[in-house]
Amino acid sequence: MLTIDFDRFEVHEGETFLDLGCGAGRHTYEALRRGATVTAFDQNLDDLKGIDEMVAALAEAGEIKPQPRPVTLSGDAHHLPFEDGHFDRVLASEILEHIPDDKAVIAEIVRVTKPGGLVAITVPRRWTEQINWWLSDEYHEVEGGHVRIYKGSELLQSLIDSGLEPLGSHHAHALHSPYWWLKCAVGVEKTNVLTKAYHKVLVWDMMSRPWLTVTAETVLNPGLGKSVVFSLRQP
140 MLTIDFDRFE VHEGETFLDL GCGAGRHTYE ALRRGATVTA FDQNLDDLKG IDEMVAALAE
200 AGEIKPQPRP VTLSGDAHHL PFEDGHFDRV LASEILEHIP DDKAVIAEIV RVTKPGGLVA
260 ITVPRRWTEQ INWWLSDEYH EVEGGHVRIY KGSELLQSLI DSGLEPLGSH HAHALHSPYW
320 WLKCAVGVEK TNVLTKAYHK VLVWDMMSRP WLTVTAETVL NPGLGKSVVF SLRQP
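If you're matching positions, the sequence shown starts at 140 in our numbering and goes up one per residue.
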């Protein structure tokens, strides 16, 4: 399930790509398929181990080129261990809402992006996220959970103030918004017939990409998309 659109946020063979807060690695794998030199950066060692295993499996299956160096790296996003202007592309997908000092992380993103390089930032959309918070404290009041709800225009201004040039924005994951409202209403750690059925639909969508769900999400994303995606350039 990709949050950024790689047809808009173009990644070319040989470019350096930082997947900051990579999680389970969904964007890492796509960037590798496109031939980028990827660094998957996160604090979760279990996630990074899983990425290493999947990268090896993808290379063995011929889906990506064998990697000459480890793809994953553990560390602190507030203090990235890279020189200035190191990356052609930097992605921070669904991580800033977890970080109390988000301005420090944004400054690091700007620092490690090459002049002319591209940055993609994604966060939960304000109104869909607000419903989750209203329905469930459990949704966000957990260790490592969401510490803020962004107003898109305010986040964009912060990114501009940091020195980045905006290129555009769009929304993603419209089908996931009602699912999380339902989960929050039932209980984040609980399931019932409705949540199980909806989850099956989402898995079907992610695995098969049928025209029905693809079309529905395309139509619904502008109004219902769970995530907002900003594309920017380092001048």
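Even for Gly, the Cβ is constructed at its ideal location relative to N, Cα and C.
Note that this is a predicted model, so its numbers are computed, not measured.
Contact set for residue i: own chain, Cβ-Cβ below 8 Å, skip 5 residues either direction
{"i": "G326", "result": "S275, E277"}
{"i": "G284", "result": "H237, Y278"}
{"i": "L257", "result": "F148, E149, D227, R228, V229, L306, S370, L371, R372, Q373"}
{"i": "A324", "result": "L274, S275"}
N-terminal and C-terminal residue of the beta strand (DSSP E) that residue i is part of
{"i": "V367", "result": "366–372"}
{"i": "G255", "result": "252–263"}
{"i": "A200", "result": "Segment: none, A200 is in no beta strand (DSSP E) and carries neither H nor E."}
{"i": "S301", "result": "It is not in any beta strand (DSSP E) - S301 carries neither H nor E in the DSSP assignment."}
{"i": "R228", "result": "226–232"}
Own chain residues within Cβ distance below 7 Å of residue i, not counting five before or after
{"i": "E356", "result": "A313, L314"}
{"i": "R250", "result": "D223"}
{"i": "L333", "result": "L321"}
{"i": "L219", "result": "E247, V251"}
{"i": "W272", "result": "Y278, H279, I288"}
{"i": "L418", "result": "Residue 418 lies beyond the residue range present for the chain, which begins at 140 and ends at 374; the question has no answer from this structure."}
{"i": "D181", "result": "G160, C161, G162, L187, S213"}
{"i": "P205", "result": "A198"}
{"i": "T352", "result": "L314, D344"}
{"i": "I143", "result": "H166, L230, S232, A259, T261, V368"}
Option nearest residue i by Cα separation, candidates the options
{"i": "V281", "options": "H309, D344, E236", "result": "E236"}
{"i": "L197", "options": "S213, A170, F369, H218", "result": "A170"}
{"i": "A216", "options": "S232, V194, D191", "result": "S232"}
{"i": "S213", "options": "N183, F221, R228, I288", "result": "N183"}
{"i": "G189", "options": "G162, Y318, H225", "result": "G162"}
{"i": "T261", "options": "W273, I288, K253, E152", "result": "I288"}
{"i": "W294", "options": "D241, V342, L321, A336", "result": "First, the residue type needs correcting, since residue 294 is Leu and not Trp in the sequence shown. Minimum Cα distance to L294 is reached at D241."}
{"i": "W266", "options": "S366, K339, R250, V229", "result": "S366"}
{"i": "V229", "options": "P317, G201, D191, F145", "result": "F145"}
{"i": "E268", "options": "V244, Y318, D186, A246", "result": "Y318"}
{"i": "G362", "options": "M345, R372, H309", "result": "H309"}
{"i": "E152", "options": "G174, G224, S301", "result": "G174"}
{"i": "E154", "options": "H338, C323, G255, K322", "result": "G255"}
{"i": "M346", "options": "L157, G160, R165, V244", "result": "R165"}
{"i": "S316", "options": "P205, D181, L341, S292", "result": "L341"}
{"i": "A259", "options": "N360, P205, I299, P349", "result": "I299"}
{"i": "R208", "options": "Y168, I143, D191", "result": "D191"}
{"i": "V358", "options": "K335, A311, D344, N331", "result": "A311"}
{"i": "P239", "options": "I143, V286, K290", "result": "V286"}
For residue i: DSSP bridge partner residues
{"i": "G307", "result": "S370"}
{"i": "A179", "result": "D158, T211"}
For residue i, the first and last residue of its enclosing alpha helix (DSSP H)
{"i": "N331", "result": "Per DSSP, N331 belongs to no alpha helix (DSSP H) and is neither H nor E."}
{"i": "A170", "result": "165–172"}
Own chain, CB closer than 6 Å to residue i, minus 5 neighbours either side, in chain order
{"i": "V210", "result": "V177, A179, V194"}
{"i": "R172", "result": "I203"}
{"i": "I245", "result": "S301"}
{"i": "H225", "result": "V251"}
Problem - Every unbroken alpha helix (DSSP H) inside the segment 332–364 [4 residues or more] - result: Here the runs fully enclosed are 332–347, 350–363.
Problem - Uninterrupted alpha helix (DSSP H) stretches inside the segment 261–293 (no shorter than 4 residues) - result: Secondary structure in the segment 261–293: the alpha helix (DSSP H) runs of 4 residues or longer, each lying completely within the stretch, are 265–274 in chain order.
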